[in-house]
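Read the structure below first, then the notes.
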Amino acid sequence: MSALSQLYEGKAKIIYTTEDPEVLIAHFKDDATAFNAQKRGTIQGKGQMNCTISSRLFEQLEAQGIQTHYLEQLNGNDMRVKAVKIIPLEVVIRNIAAGSLCQQTGIPLGQILPKPLVEFHYKNDALGDPLLTRDRTLLLELATPEQLDQIQQVALEVNQHLQAFFTRCGITLVDFKLEFGLDSAQTLLLADEISPDTCRLWNAAETDPNLRVMDKDRFRRDLGNVEAGYQQVLERILNQASGR
Ligand code: C5P
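And the structure:
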C-alpha cells in the first residue's frame, strides 16, 4: 500500500492518505522543534529511530490490550496507521517532577510523585498548548465527560505498561505525552507517537542530571549527543522487545 497524497504536515511527521480511506501512512521526519517551534533543528536519523521506537512500543501496548492506531512499520520512516480524528488534547502523564511541572509549581526536579499525575493540555500551537482544567476541556467541547474518563483511565494503564517495559530496559520513565483519536466507529484509539521526542527518559544507572537524559531534553537544553541518546533508547527497546 503506497502513499497517495499529503493530508497534513506537522512538526515531526507528515501524514499521507492511501487507497483505503481507513488507513493512513505516518512519515517520521528528522526535523526537531522545541518550545512551540521557537527552537528548530535536525536530529540525524531521528525519523527512523522514532518510527521504530514508536512501532515497538505500540506493539507492546497492543499485546497488553491497549487499542492503538498502529498497524505496521513499513520501512525505516513510515508507519501504517488507522485513520482517526485526533482529539485536540495533549495528555501528559508524570511519574517524576520535571519540565513545566517544576516551572509552574516549584516542585523540585526529580521528585518522585506520590501517584502518577495526568494533565490535559489544549493542543493548539497559536495558544501555546495551555494546561486545561476538566471544566475548561468540557467548556471547549474537546471531548465528552465519558471520553475524558476513558482517556484518563487508558493513559494510566499505558503508563503502567510503559513504566514496566522501560524499567526492564534500564530506563526511568519520567513523563510523557499521549494523543488520542476516534476512528470511523467512534472507538477511542491511542494515536500519534511514543518516542524520545514525547517522553522524558532517564538512564536508570546514571545519577548525573545531565548525563542521564536520553530524550529530547538533550536538544531542548543543548546537552549535546542528541542522536546518541535516541540511539541508546532504540537499542535497549529492540533488545528488550526481541527478548534478548
Ligand atoms: O514540557 P512539559 O514538562 O509539560 O512536558 C511533559 C512531557 O510531555 C515531556 O515528556 C514532553 O516531551 C512531552 N511533550 C510533548 N509535546 C508537547 C509538550 C510536551 O511531547 N507539545
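Counting from 20, one number per residue, gives the positions in the sequence shown under the working numbering. Ideal Cβ placement from N, Cα and C applies to all residues, glycine included. Remember, it's a predicted structure, so these values are computed and weren't measured experimentally.
DSSP places E198 inside the beta strand (DSSP E), whose first and last residues are 190 to 201.
Taking the Cβ of L120 as the reference point, at least one heavy atom of the ligand C5P falls within a distance shorter than 7 Å. I62 carries a coil assignment under DSSP once its states are collapsed to helix, strand and coil.
The alpha-carbon separation between Y35 and E246 amounts to approximately 26 Å.
Comparing alpha carbon positions, the residue from A204, C188, Q179, T206 closest to F195 is Q179. Excluding the 5 residues flanking it on each side, A51 has same chain C-beta neighbours closer than 6 Å at G60, I62, F238, in chain order. Within 10 angstroms of the beta-carbon of I131 lie fewer than 16 other beta-carbons, which makes it exposed. D154 counts as exposed, since fewer than 16 other C-beta atoms from the protein chains shown sit within 10 angstroms of its C-beta. Spatial neighbours of T217 in its own chain (CB-CB distance under 7 Å, excluding positions within 5 residues in sequence) are listed in chain order as F195, K196.
Taking 8 Å as the cut-off, the beta carbon of L108 is found closer than this to the beta carbon of H140.
For the 8 Å CB-CB criterion, S74 and Q92 form a contact.
For V42, the enclosing beta strand (DSSP E) begins and ends at 42 to 47.
Here P135 carries a strand assignment [DSSP, helix/strand/coil].
With fewer than 16 other Cβ atoms inside 10 Å of its own Cβ, F54 counts as exposed. Taking 8 Å as the cut-off, the beta carbon of Q182 is found closer than this to the beta carbon of L192. Distance from the C-beta of T217 to the nearest heavy atom of the ligand C5P is below 7 Å. Taking 8 Å as the upper bound for CB-CB distance, P127 and A145 are not in contact here, some 32 Å apart.
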